[in-house]
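Q: Numbering (the working numbering), first residue to last: 8 to 172. Sharing a structure below in structure tokens format, with a few things to ask.
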């Protein structure tokens with residue numbers, strides 16, 4: 008009888024345990040925070056050209072070496088807390104990111120300013136259900152640009168523009 012009870016308990020333990028490590032994650036059930044890259048266009052004095060109205064977002068084109076390079080202008084956000092993400096990213100461009108690239112380049116054309124070739128250094132996202140690149144740095148002609156880390160996956164790059172003569 009004791010042997011039977013032991014075998015029954017051991018059987019229940021083996022049957023009740025499962026290896027969850029082999030089960031795949033259902034990506035349809037996961038909300039993923041997407042990496043983001045914002046560009047703040049400034050002149051040689053550091054003035055935000057979009058905020059001052061010196062640059063109209065409609066006069067900007069962005070091309071990328073990875074294909075689609077869409078962007079969205081983030082206008083002023085009323086009543087934004089000065090320490091909030093909203094306050095940091097207002098008057099900037101939110102630029103699309105590629106999938107699974109560690110280095111890529113944008114060509115930024117702004118009417119009245121020299122064309123800028125912006126090199127981005129990124130890391131591959133190691134989260135399941137996402138293969139977007141996470142920006143970690145930027146440079147123009149080998150010179151590192153000022154960056155503001157908004158979160159682990161979101162960054163704002165301060166991009167100086169030079170007026171055409």
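Using N, Cα and C, we set each Cβ at its ideal position, and we do this for glycine too. Note that the structure is a prediction, hence the values are computed from the model and not measured.
Here's a check: name, in chain order, each residue in its chain whose Cβ is nearer than 6 angstroms to the Cβ of residue 142, leaving out the five neighbours to either side.
A: 44, 127, 129 and 162
Q: Is the CB-CB distance between residue 140 and residue 132 below 8 angstroms?
A: yes
Q: Note down the Cα distance separating residue 119 from residue 168, rounded to an integer number of angstroms.
A: Residue 119 and residue 168: Cα-Cα distance of roughly 10 angstroms.
Q: Measure the beta-carbon distance from residue 123 to residue 56 and round it to whole angstroms, keeping in mind my assumption that it falls under 8 angstroms.
A: Not confirmed; about 12 angstroms, so no contact.
Q: Within the region 15-96, note down every full beta strand (DSSP E) run reaching 3 residues or more, in order along the chain.
A: 43-49, 67-71 and 78-81
Q: What are the boundary residues of the beta strand (DSSP E) that residue 116 is part of?
A: Per DSSP, residue 116 belongs to the beta strand (DSSP E) from 110-117.
Q: By DSSP, does residue 106 sit in helix, in strand, or in coil?
A: strand
Q: Skipping 5 residues on each side, what residues in its chain have a beta carbon closer than 7 angstroms to that of residue 138?
A: 106, 107 and 132
Q: Rounded to whole angstroms, what is the Cα-Cα separation between residue 42 and residue 51?
A: 29 angstroms
Q: With a threshold of 16 other CB atoms inside 10 Å of the CB of residue 46, please say whether the residue is buried or exposed.
A: buried
Q: For residue 99, which option in 110, 60 and 73 has the closest C-alpha, if you only look at C-alpha atoms?
A: 60
Q: Give me the residue from 81, 92, 75 and 67 with the minimum Cα distance to residue 159.
A: Relative to residue 159, the option among 81, 92, 75 and 67 whose CA is nearest is 92.
Q: Express the C-alpha separation of residue 152 and residue 36 in angstroms, rounding to a whole number.
A: 38 angstroms
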